[in-house]
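For reference, each letter of the sequence shown is one residue, going -18 to -1, 1 to 102 in mature numbering (1 follows the signal peptide of the UniProt record, and there is no 0). Even glycine gets a Cβ: it sits at the ideal position worked out from N, Cα and C. Here is the structure we will look at, set down as structure tokens.
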Amino acid sequence: MVNQTLLLTAALATTAYAFTWTKCTNVPRCVQVGQPGPYSGAGFTGFTYNGDTHYWYSHQVDGLYVSPEGYFNPAHDSDIVDVYSNDNKIGITHWQSGGNACCLPDEVGTNIANVEARST
């Protein structure tokens, strides 16, 4: 027999987080996507945080960055960004740009612990 409490707990745990976009509004919103498959190594880049500017820059791809307001600038086909939040309730989220600059939600783009990007 199925445990109803277990089902309710699982359903609540997978409920979508309600994101807001007020910090970055000058380009379309990034689209949240599901967890990516394993990385093949090709088309994957890590980021470095610059404490002076508060930007996250790719250390392998020129022009690929996330601004302090959550503006994601994709470059060289790296159109999916994996954002590791400092907020454990948010955890890791995955966002697609569609090949153009896009805005990450406030809760994701302004509370970053780490960033990775990959091409589709």
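Using only the alpha-carbon positions, how far apart do residue i and residue j sit?
{"i": "N93", "j": "N70", "result": "11 Å"}
{"i": "F54", "j": "T27", "result": "14 Å"}
{"i": "Y31", "j": "P87", "result": "19 Å"}
{"i": "Y39", "j": "A(-1)", "result": "27 Å"}
{"i": "G45", "j": "S60", "result": "10 Å"}
{"i": "N82", "j": "T7", "result": "14 Å"}
{"i": "C85", "j": "W3", "result": "8 Å"}
Round the Cβ separation of residue i and residue j to the nearest angstrom and send it over; I've been treating them as touching at under 8 Å.
{"i": "E98", "j": "F29", "result": "7 Å"}
{"i": "V48", "j": "G91", "result": "7 Å"}
{"i": "H76", "j": "V15", "result": "5 Å"}
What does the Cβ neighbour count give for residue i, buried or exposed, with the cut at 16 atoms within 10 Å?
{"i": "I74", "result": "exposed"}
{"i": "G33", "result": "exposed"}
{"i": "D64", "result": "buried"}
{"i": "V13", "result": "exposed"}
{"i": "L(-11)", "result": "Because the pLDDT at L(-11) is just 37, under 50, the model does not fix this residue reliably, and the point stays unresolved."}
{"i": "P10", "result": "exposed"}
{"i": "R100", "result": "buried"}
Could you please give me the residues that DSSP links to residue i through a beta bridge?
{"i": "V15", "result": "H76"}
{"i": "S40", "result": "F29"}
{"i": "A99", "result": "T27 and V63"}
{"i": "V48", "result": "W38 and F54"}
Where do the N-terminal and C-terminal ends of the alpha helix (DSSP H) with residue i fall, by residue?
{"i": "E89", "result": "D88 to G91"}
The beta strand (DSSP E) that contains residue i, what's its start and end?
{"i": "F54", "result": "Y53 to N55"}
Check the Cβ-Cβ distances between residue i and every residue of chain C, and say whether any is below 7 Å.
{"i": "V63", "result": "Protein chains in the displayed structure number just one, and chain C is not present."}
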